[in-house]
């Protein structure tokens, strides 16, 4: 795959290292970095010799990262998550150390001889000891995960043929991440999600199984929307005919999104933001990207874009999302690094409302 010029915007990332803090502030800083994803309690973390680091990237619609910590107690209450999406699935590869505990009602041990795959939206209580792991989180629809049919917690031996393929692909993607452009990241994320989908759904080769439960139908409907955002004809009627649901059922599925039309428009705008951020400023670029994402009227597109993100397409073009991120609240963000507030890990998850690694 041809690399983009050095000036092409790279993918957004966040990093953390306790070595940047005085010893007495390291645990507090680590707790702040993880806020919104995990609940870490200072008094439960051994202070002596405490060290932690993280390097995370937004790769397409996934969040990919490598994390290490000497030890802590990890809690997560599903109803206290600050992640905007409610459809995230995690693949974790432990390189060293262990994590053990309870997820919902299931006991588990994550260690360096197995992959652990799990539904992110579960209560979690666990302890870690000298861990070094790689983790990637993706939306359900990207990998065909159906929480009504699939296990919430799976494990796969590294030594199996599938495990070896997964590990090599995951480690290579992490190695390449610092140099990836937005467009390259999207291609790699799509390829990896396809590989993971083959594992998750290996017993569900017949797509008709997605018609067997309400939750499965919603997964199928959202997957259809994400796959057809470029089609101007995408609307409630198209989705109903393709997925096999009634309009009232479809409307209920998307009620929390503000309706089907609003959900489609929001996702198109988010993809357009990503393309604008990865594009060089050029005459006609905004109109071209607007048309690509099924906005036939550039002026209407610009108004929607500004109302949604708080910046105009002209301000977004040529920027990296890491320095000017979409805001669903319409707030204006500073584009100069010196003016940006420090980020925590949850910011990478919520970028554009489409994110996801734990």
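Numbering (our numbering), first residue to last: 6 to 363.
In this text, a Cβ means the ideal position worked out from N, Cα and C, and glycines have one as well.
These numbers come from a predicted model, not from an experiment.
- Residue 354 is not a Cβ neighbour of residue 91, given a cutoff of 9 angstroms.
- Separation of residue 152 and residue 124 (C-alpha to C-alpha, rounded to the nearest whole angstrom) is 8 angstroms.
- Annotation note: the stretch 148-199 contains the following uninterrupted alpha helix (DSSP H) runs of length 4 or greater, listed N- to C-terminal: 166-181.
- Taking all protein chains in view, the Cβ of residue 30 is surrounded by fewer than 16 other Cβ atoms within 10 Å, so the residue is classified as exposed.
- DSSP places residue 312 in the helix class (H, G or I) of the three-state scheme.
- Here the stretch 301-314 lies against the stretch 269-283, with 3 or more beta-carbon pairs under 8 angstroms apart.
- Counted as a single uninterrupted DSSP element, the alpha helix (DSSP H) harbouring residue 275 occupies residues 265-282.
- DSSP, reduced to helix, strand and coil, places residue 23 within a helical segment of the structure shown.
- Here DSSP, grouped into helix, strand and coil, assigns residue 85 to helix.
- Remark: three or more beta-carbon pairs, one from each stretch, lie closer than 8 angstroms, so the stretch 128-146 and the stretch 90-107 are flagged as touching.
- The C-beta separation of residue 190 from residue 65 comes to about 5 angstroms, placing the pair in contact by the 8 angstroms criterion.
- The C-alpha of residue 43 is placed about 8 angstroms away from the C-alpha of residue 86.
- Where residue 108 is concerned, the enclosing beta strand (DSSP E) starts and stops at 93-108.
- Taking 9 angstroms as the cut-off, the beta carbon of residue 61 is found closer than this to the beta carbon of residue 20.
- Across the set 299, 296 and 282, the C-alpha of 282 shows the shortest separation from the C-alpha of residue 319.
- The beta-carbon distance between residue 167 and residue 161, rounded to whole angstroms, is 7 angstroms. This is short enough to meet the 8 angstroms contact definition.
- Between residue 127 and residue 108 a beta carbon distance of about 5 angstroms is seen, short of the 8 angstroms cut, so the two are scored as contacting.
- Counting only residues of its own chain and dropping the five nearest sequence neighbours on each side, residue 224 has a CB closer than 7 angstroms to the CB of 145, 146, 151 and 215.
- Annotation for residue 132: the continuous beta strand (DSSP E) segment containing it runs 129-144.
- Here residue 84 is exposed: its Cβ has fewer than 16 other Cβ atoms, across all protein chains shown, within 10 Å.
- Scanning its chain for C-beta atoms nearer than 6 angstroms, with the 5 sequence neighbours on each side dropped, one finds around residue 198 the residues 143, 147 and 148, in chain order.
- A direct Cα-to-Cα measurement between residue 157 and residue 243 gives close to 31 angstroms.
- Residue 39 is classed as buried because its beta carbon has at least 16 other beta carbons within 10 Å across all chains shown.
- Collapsing the DSSP output to three states places residue 122 in a strand.
- Look at residue 203 here: in three-state DSSP terms it is helix.
- With a 10 Å radius around the Cβ and a threshold of 16 neighbouring Cβ atoms, residue 177 comes out exposed.
- Sixteen is the threshold: when 16 or more other Cβ atoms of the shown chains lie within 10 Å of the Cβ of residue 17, as they do, the residue is buried.
- For residue 113, the uninterrupted beta strand (DSSP E) segment begins and ends at 111-115.
- Assigned with DSSP and collapsed to three states, residue 242 falls in helix.
- With respect to the 9 angstroms criterion, residue 131 and residue 79 are classified as neighbours on the basis of their beta carbons.
- Comparing C-alpha distances from residue 117 to each of 155, 275, 82 and 163 shows the shortest one belongs to 163.
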